[in-house]
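Asker: The structure is given below, and queries will be raised subsequently.
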Amino acid sequence: MAAGSVNPFNLSDSEDEAEQRPENGVDAERSLSDGAPGLPSNNPFSPQADAEPPALLLFITRTSPSVEGISAAAADAAMASGLAETRVSVDMIAAQLIRDQYILTALEFHTELLESGRELPRLRDYFSNPGNFERQSGTPPACKDQGLGPGGPLNRAGSISTLDSLDFARYSDDGNRESDERVAVLEFELRKAKETIQALRANLTQAAEGDTQERNKNYKSDPEIQEPIRPLEKRALNFLVNEYLLKNECKLSAITFSDENDDQDFELWDDVGLNIPKPPDLLQIYRNCGSALPSPRDTVDISVGVESGELTGNYIVQKPDLLQQQQTEMVEEFEYQISLLNEEKQSLADQVKKLQSEIQSLRRTVSPPPPDQGSHLNSLSSSSSPPPPRPPLDNGQYLDIRRASEPDKPHTESNPPTQTVSSPTHTSTQPHAKLKCRGTVVFDQPNRKLSPAFQQALLSFCKMSADSRLGAEVSRIADNEESVMLMLGRCLPHIVPNVLLAKREELIPLILCTACLHPEPKERDQLLHILFNLIKRPDDEQRRMILTGCVAFARHVGPTRVEAELLPQCWEQINHKYSERRLLVAEACGALAPYLPKEIRISLVLSMLQQMLAEDKADMVREAVVKSLAIIMGYIDDPDKYSQGFELMLLSLGDPSERVVSAIHQVFIPAFAAWTTELGILQTTLFPSLLARIEKLLKQGEHGLDEHKLHMFLSALQSLIPPLFSVVIQNAPFTHRVNLQGDIPPIEVTRFPRPASPLQDVATVVGSREMLGGLLILYDYQLEHEGTTGWDSMLWVVNQLLPQLIEIVGRITVTSTTCVHEFSRFFWRLCRTFGKIFTNTKVKPQFQEILRLSEENVDALTGNAVLIKATVPVYATGVLTCYNQDEDRKLLVGFLEDVMTTLSLSHAPLDSLKASFIELGANPVYHELLLTVLWYGVVHTSALVRCTAACMFELLVKGVNETLVAQRVVPALITLSSDPEISVRISTIPAFGTIMETVTHKELLERVKMQLASFLEDPQYQDQHSLHMEIIRTFGRVGPNTEPRFRDEFVLPHLHKLALGNNAQATERKRIDIATQLFEAYSALSCCFISEELMVNHFLPGLRCLRTDMERLSPEHEVILSSMIKEGETKVENRGIGQAEGSVSIAASLVGEDAKTKFLSKMGQLTTSGAMLANVFQRKK
-8 MAAGSVNPFN LSDSEDEAEQ RPENGVDAER SLSDGAPGLP SNNPFSPQAD AEPPALLLFI
52 TRTSPSVEGI SAAAADAAMA SGLAETRVSV DMIAAQLIRD QYILTALEFH TELLESGREL
112 PRLRDYFSNP GNFERQSGTP PACKDQGLGP GGPLNRAGSI STLDSLDFAR YSDDGNRESD
172 ERVAVLEFEL RKAKETIQAL RANLTQAAEG DTQERNKNYK SDPEIQEPIR PLEKRALNFL
232 VNEYLLKNEC KLSAITFSDE NDDQDFELWD DVGLNIPKPP DLLQIYRNCG SALPSPRDTV
292 DISVGVESGE LTGNYIVQKP DLLQQQQTEM VEEFEYQISL LNEEKQSLAD QVKKLQSEIQ
352 SLRRTVSPPP PDQGSHLNSL SSSSSPPPPR PPLDNGQYLD IRRASEPDKP HTESNPPTQT
412 VSSPTHTSTQ PHAKLKCRGT VVFDQPNRKL SPAFQQALLS FCKMSADSRL GAEVSRIADN
472 EESVMLMLGR CLPHIVPNVL LAKREELIPL ILCTACLHPE PKERDQLLHI LFNLIKRPDD
532 EQRRMILTGC VAFARHVGPT RVEAELLPQC WEQINHKYSE RRLLVAEACG ALAPYLPKEI
592 RISLVLSMLQ QMLAEDKADM VREAVVKSLA IIMGYIDDPD KYSQGFELML LSLGDPSERV
652 VSAIHQVFIP AFAAWTTELG ILQTTLFPSL LARIEKLLKQ GEHGLDEHKL HMFLSALQSL
712 IPPLFSVVIQ NAPFTHRVNL QGDIPPIEVT RFPRPASPLQ DVATVVGSRE MLGGLLILYD
772 YQLEHEGTTG WDSMLWVVNQ LLPQLIEIVG RITVTSTTCV HEFSRFFWRL CRTFGKIFTN
832 TKVKPQFQEI LRLSEENVDA LTGNAVLIKA TVPVYATGVL TCYNQDEDRK LLVGFLEDVM
892 TTLSLSHAPL DSLKASFIEL GANPVYHELL LTVLWYGVVH TSALVRCTAA CMFELLVKGV
952 NETLVAQRVV PALITLSSDP EISVRISTIP AFGTIMETVT HKELLERVKM QLASFLEDPQ
1012 YQDQHSLHME IIRTFGRVGP NTEPRFRDEF VLPHLHKLAL GNNAQATERK RIDIATQLFE
1072 AYSALSCCFI SEELMVNHFL PGLRCLRTDM ERLSPEHEVI LSSMIKEGET KVENRGIGQA
1132 EGSVSIAASL VGEDAKTKFL SKMGQLTTSG AMLANVFQRK K
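At position 1109 of the sequence shown (counting the first as 1) the number is 1100 in the working numbering, and the numbers step up by one without a gap.
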């Protein structure tokens, strides 16, 4: 009987048992208690919603199982009055089926009408319109015309198709369904793309509505004002005019009209550009005589365009690539601003709902007392002592956490709950005090003389039960708030297991109220245990509800009870077998952090989260842990915890899950950086710690750099750039001169890189965009005119951070492409965040001082070894590409030309230049620029520079489109192929091979083929050992990937000739070099499909020639070549057997069944030897 002895989870809470519990009794009681007059207001059969005749109402009452509340007596009365004899029309039945969304029934009804020759226009129009089966933001016009209810249109599915779009071949037994499934997938992707486009364009709805309303107001105020027609209005009017012409059989006029407006699609209203229902036709507009039509409430989809006349001259003369990149950056920034505005809009909407709910709550709470209440209470107060304080009533205020976005002040958190009740609540408690103080209720006694035993026996026939637990609760009515709380504490453990799992979140307010106000700690603990175990595997929405309740509980009871009652529940669930429960614990730690005592927050909660981060195997749990740790970092104030926070950051950065790493960059690092900024150790401790780990990593990785760890540290530094810039501008000499009263120009859209989260937005860190705009104006002026004297935070960046970073870059080898890319991204974000003036005056001079690209250093490269390190590609791709004005592009071109010249004339490795070309070539914007640099090398006077340019073309061809290859690359290579220096001509061969590997244009391939043929067949190249080596190496590299016709007609025959010629080579060194390259080439080509003719005529003879060389020069290679030759010969034999088997099968089809069986049994006994094939046709002796 006691509540404490009941385990609320003895009963199974599985979904199967929950679904088996009957609910018919509840529905029956509801229907009996409500009766017929209780029809809901949105019932389609109510007189307010439907004006159908009574006969239709009776018909649907007996046929539709969804109708409730219409009694049988009403039906009998209707039948008695003769209404049931009224015949219902077919059209009314069809309308009702469509209204109730019985689509399959309506489709079957429509089919039967078609078969009987009575086609119904309503059903024909409905099923021939595919728009009725698409999910949209509002009810389509077609659905409204057909009388659809508020449910809206249906989803398109395989079982709901229009009659015009049914594909019966799709469901046939012998049809190929792969193409149909592919079409279905493409249709789904198309619909998703359209939904995405509509969602993006819908953000401009309010602006368009406001513009339209403003024009309507102007039109009403002054009818003489006629604005010029706008493109959007013109397209809408064109659509309505074309529709009017078609409806009135003016087809020739409509055709002429559509030809004159060929830039518009008159079949689709969405082409107009508005995401709104189509307006009425011209006839309806004329009949309304210009009266105001109700404006639609749906979103407006606006087609945004820019007229060519509106562009300024400076904008037109810019280069297309630069214009495209700027437009892309502006679009990304606008999308980000739109997302912020949408979040702000949602927040404001929530505040409006909150205020409305508070107003309604106050109206219910503050009610005038009865006329005699005051005198009665005065008499009570004068004759008795004041009653002891009781817990406050449920006035709907103490559980509403939406009233404030911040936690309570420290001095209010420790107050008891009774002190948080407002004065209107005391007024509402007075009637309850009156009820409690009244005497015993007296009932009228009859004037009878029944014995008490007889009377008791008589009353025993009333079926009442007070023996069971539930009977005892029912027979005992609570007369005050405390009794109600005790009753709820006893009953809730028995109610929860019997509620459906999908509806248990409805119990959260009841559980929380009872847990807050119940006087017994043991019962409160049990109720909170029920709250955390309410749902076996709570989803996102259910977890949000539970967390909202936990925060409400914390705000109401204060930090002491949160520590004593809520935290133990989290600790119990920390190792739960379901990841959803552990996720709830991780999220609860962050949500409850503002309401916990400071000591518990930085000790127990921090330890719990650290344990889950290190031990939990679920990615989503560790992601929630990282976000909760970030909230802890926002409330922590103990400097001794800095080292623990730093270790947590490093542990999270090394997590294998991308979502955890993303959370650490978006949430944790900004919060941790904000704390270090307050401590004043961002520049003195946090940055130096990460840089020291990078340097240590470079020292340990002399023989193999750990690129993953380097990426981890660099990404952390990259996320710290916005906080660093905020520190610089907030600690500048001009900070006190910021004036927010005047006109502050808006910040340029592309001024800062797009932040990964709002916490990385510099405006968020500083406080507002207005404050940031004022600081930026003074920041640029200070750098340009006044310098950095006395600006300690900026001097640290210039004198300590930049030199250390440049020195680290100079120690990285260019072969590590990942490191080069990461450092390039870091310097790019650093320069874009600190601005163009900072980049030109502080960053570029330090790089130029180290590189020292001057004429006197050409022959002294030993003292300038930094040119062959990662400094060149990082400076080129990370600093010089930050801004894309003409002077910036010229500086980049000049730097690359100087590097190419210096490295070529110094006979230095070209790895740094190649790394720059690879990094820049990944962006098509720089293809023209790189081709300009290479053309400078093509026409250079030095043969060494021309050789370098030819080598660079090989890297650039793979990423350049075929148009640029035809117009810029191939002409330059042909020019170099006729160079007087043989070394320059040889350098073009790899680039020609790469073109053969990547280009598909036939004319280009023929030109390259002719050039390579001239290298092989021209007598002047017969003794060029280096040229032959390069050609064989190129054939082996591109042969497997090139066009099969080029490989069969050109590569294999020439390899055969080269192998044959190498047998006669007198110089042993050259012979072994050619043989080694031929071996590599043949090994690569052996994986390709080679026809029998080529195998016999070229491939096998070439291998035999090569084996002849290897027998004497390299015996270990000779063994491999022998196996390759044997394998090729086996393939040729097997193909011959396969052809013979094909001819035999044709002969076998001409004989009888018995002979066929014998023949097949013989064929099954054949081995791979072709000589046994003749035994099949021998006559038995």
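Cβ atoms here follow ideal geometry from the backbone N, Cα and C, with glycine treated the same way.
No experiment lies behind these values; they were computed from the predicted model shown.
Among D607, K589, G549 and P588, which has the Cα closest to the Cα of V576?
Answerer: Residue 576 sits at position 585 when you count from the first residue of the sequence shown. Per the Cα distances, D607.
Asker: Find the nearest neighbour of L534 within the set H509, L574 and L519, judged by alpha-carbon distance.
Answerer: For the purposes of this step, residue 534 is taken as residue 543 along the sequence shown, with counting starting at 1. Sequence inspection shows Arg at residue 534; the Leu mentioned does not correspond to that position. R534 has its Cα closest to that of L574, out of H509, L574 and L519.
Asker: Per DSSP, what kind of secondary structure is T1175 in: helix, strand or coil?
Answerer: Not covered by the structure: residue 1175. The range shown for the chain is -8 to 1172.
Asker: Taking the beta carbon of W562 as the centre, do at least 16 other beta carbons fall within 10 Å, making it buried, or is it exposed?
Answerer: As a first step, residue 562 is located in the sequence shown; it is residue number 571 there, counting from the start. Classification of W562: exposed, given that the 10 Å Cβ count is below 16.
Asker: Can you have a look at E614 and say buried or exposed, based on whether 16 or more other CB atoms are within 10 angstroms of its CB?
Answerer: Working through the sequence shown from its first residue, we reach residue 614 at position 623. With 16 or more Cβ atoms within 10 Å of its Cβ, E614 is classed as buried.
Asker: Distance check for L796 and A856, CA to CA, integer angstroms please.
Answerer: By one-based count along the sequence shown, residue 856 stands at place 865. By one-based count along the sequence shown, residue 796 stands at place 805. Straight-line Cα distance between these residues: approximately 17 Å.
Asker: Let me confirm a value: D734 is counted as buried when at least 16 other C-beta atoms fall within 10 Å, else exposed. Which label applies?
Answerer: To locate residue 734, count along the sequence shown from 1; it is residue 743. Exposed, because fewer than 16 other Cβ atoms sit within 10 Å of the Cβ of D734.
Asker: Quick one: give me the first and last residue of the alpha helix (DSSP H) that H699 is part of.
Answerer: Position 708 of the sequence shown, counted from the first residue, corresponds to residue 699. Counting along the chain, the alpha helix (DSSP H) containing H699 begins and ends at E698 to S710.
Asker: Our contact map puts M1020 next to V740 with C-beta atoms below 8 Å; I'd like the distance itself, whole angstroms only.
Answerer: Reading the sequence shown from its first residue, position 1029 is the one you call residue 1020. Reading the sequence shown from its first residue, position 749 is the one you call residue 740. Between V740 and M1020 the Cβ distance is about 54 Å, and since that is not below 8 Å, they are no contact.
Asker: Does DSSP classify K269 as helix, strand or coil?
Answerer: For the purposes of this step, residue 269 is taken as residue 278 along the sequence shown, with counting starting at 1. K269: coil per DSSP, three-state reduction.
Asker: Leaving out five residues on either side along the sequence, give the residues of the same chain with a beta carbon under 8 Å from the beta carbon of F886.
Answerer: Looking up residue 886 in the sequence shown gives position 895. Within the same chain, F886 has close Cβ partners L844, Y866, A867 and L871.
Asker: With L774 and F829 assumed to form a contact (beta carbons below 8 Å), what rounded beta-carbon distance in angstroms separates them?
Answerer: To locate residue 774, count along the sequence shown from 1; it is residue 783. To locate residue 829, count along the sequence shown from 1; it is residue 838. Correct: roughly 6 Å between the Cβ atoms.
Asker: Could you compute how far the alpha carbon of R1103 sits from the alpha carbon of L1094?
Answerer: Position 1112 of the sequence shown, counting from 1, holds the residue named residue 1103. Position 1103 of the sequence shown, counting from 1, holds the residue named residue 1094. So the two alpha carbons sit approximately 15 Å from each other.
Asker: How about the stretch 783 to 795 and the stretch 713 to 720: do they share at least three Cβ pairs that are nearer than 8 Å?
Answerer: Because the criterion of three Cβ pairs below 8 Å is met, the stretch 783 to 795 and the stretch 713 to 720 touch.
Asker: Exposed or buried, what is R495 when buried is set at 16 or more other beta-carbons lying within 10 Å of its beta-carbon?
Answerer: Counting from one through the sequence shown, the residue named residue 495 turns up at place 504. Answer is buried; the Cβ neighbour count reaches 16.
Asker: Excluding the 5 residues flanking D262 on each side, which residues of the same chain have their C-beta closer than 7 Å to its C-beta?
Answerer: For the purposes of this step, residue 262 is identified with residue 271 of the sequence shown, where counting begins at 1. These residues qualify, in order along the chain: Q255 and D256.
Asker: Counting along the chain, where does the alpha helix (DSSP H) carrying C541 start and finish?
Answerer: The residue you call residue 541 lines up with position 550 of the sequence shown. Run containing C541: D531 to V548, per the alpha helix (DSSP H) assignment.
Asker: May I ask which residues mark the beginning and end of the alpha helix (DSSP H) holding I1173?
Answerer: This structure does not reach residue 1173, given that the chain is present from -8 up to 1172, and the question cannot be answered.
Asker: So, helix, strand or coil for K860, using DSSP?
Answerer: Walking along the sequence shown from the start, residue 860 turns up at place 869. Of the three classes helix, strand and coil, the one that applies to K860 here is strand, per DSSP.
Asker: What's the gap between the Cα of Q709 and the Cα of R745?
Answerer: Locating residue 709 in the sequence shown gives position 718, counting from the first residue. Locating residue 745 in the sequence shown gives position 754, counting from the first residue. Each residue's alpha carbon lies about 13 Å from the other.
Asker: Using the three-state DSSP reduction, which class does P661 fall into: helix, strand or coil?
Answerer: What you label residue 661 is simply residue 670 of the sequence shown in a count that begins at 1. Helix at P661.
Asker: Go to S1017, then tell me how far its alpha helix (DSSP H) extends in each direction, as first and last residue.
Answerer: For the purposes of this step, residue 1017 is taken as residue 1026 along the sequence shown, with counting starting at 1. That run of the alpha helix (DSSP H) goes H1016 to V1029.
Asker: With respect to the alpha helix (DSSP H) encompassing G581, which residues constitute its N-terminal and C-terminal limits?
Answerer: Translated into the one-based positions of the sequence shown, residue 581 becomes position 590. Unbroken alpha helix (DSSP H) run through G581: S570 to L583.
Asker: What are the boundary residues of the alpha helix (DSSP H) that includes C507?
Answerer: For this step, residue 507 is matched to residue 516 along the sequence shown. Segment I499 to L508, the alpha helix (DSSP H) holding C507.
Asker: Report whether the distance from the Cβ of K1061 to the nearest heavy atom of the ligand SAM is below 7 Å.
Answerer: Among the components of this structure there are no ligands whatsoever, and the ligand SAM is therefore not found.
Asker: Pick out whichever of H918, T676 and L701 has its Cα sitting closest to the Cα of E686.
Answerer: On the sequence shown, residue 686 is found 695 positions in, with the first residue counted as 1. It is L701.
Asker: I'd like to check one pair, P864 with S895: are the Cβ atoms closer than 8 Å?
Answerer: Residue numbering aside, residue 895 sits at position 904 when the sequence shown is read from its first letter. Residue numbering aside, residue 864 sits at position 873 when the sequence shown is read from its first letter. No, these two residues do not count as a Cβ contact at 8 Å.
Asker: Hey, A934 and V975: beta-carbon distance below 8 Å or not?
Answerer: Within the sequence shown, residue 934 is the residue found at index 943, counting from 1. Within the sequence shown, residue 975 is the residue found at index 984, counting from 1. In this structure, V975 lies closer than 8 Å to A934 by Cβ.
Asker: What is the rounded straight-line gap between the Cα of Q560 and the Cα of P714?
Answerer: The count along the sequence shown starts at 1 and reaches residue 560 at position 569. The count along the sequence shown starts at 1 and reaches residue 714 at position 723. C-alpha separation (whole angstroms): 37 Å.
Asker: Using three-state DSSP, classify A1075 as helix, strand or coil.
Answerer: As a position in the sequence shown, residue 1075 is number 1084, starting the count at 1. It is helical.
Asker: Just to confirm, is the Cβ distance from C507 to V475 under 8 Å?
Answerer: Numbered from 1 along the sequence shown, position 516 holds the residue referred to as residue 507. Numbered from 1 along the sequence shown, position 484 holds the residue referred to as residue 475. For C507 and V475, no; Cβs fall outside 8 Å.
Asker: Please classify G1174: is it buried, with 16 or more other beta-carbons within 10 angstroms of its beta-carbon, or exposed?
Answerer: An answer regarding residue 1174 cannot be provided, because it is not within the stretch -8 to 1172 covered by the chain.
Asker: If you compare alpha carbons, which of H727, R742, L114 and L95 is closest to M83?
Answerer: For the purposes of this step, residue 83 is taken as residue 92 along the sequence shown, with counting starting at 1. Checking every option, the nearest Cα to that of M83 belongs to L114.
Asker: Does DSSP classify W819 as helix, strand or coil?
Answerer: Reading the sequence shown from its first residue, position 828 is the one you call residue 819. In this structure, W819 counts as helix in the three-state DSSP scheme.
Asker: Quick one: is A941 buried, meaning 16 or more other Cβ sit within 10 Å of its Cβ, or exposed?
Answerer: Counted from its first residue, the sequence shown places residue 941 at position 950. It is buried - the Cβ of A941 has at least 16 other Cβ atoms within 10 Å.
Asker: With a threshold of 16 other CB atoms inside 10 Å of the CB of T932, please say whether the residue is buried or exposed.
Answerer: Position 941 of the sequence shown, counted from the start, is the residue given in the question as residue 932. Under this definition T932 is an exposed residue.
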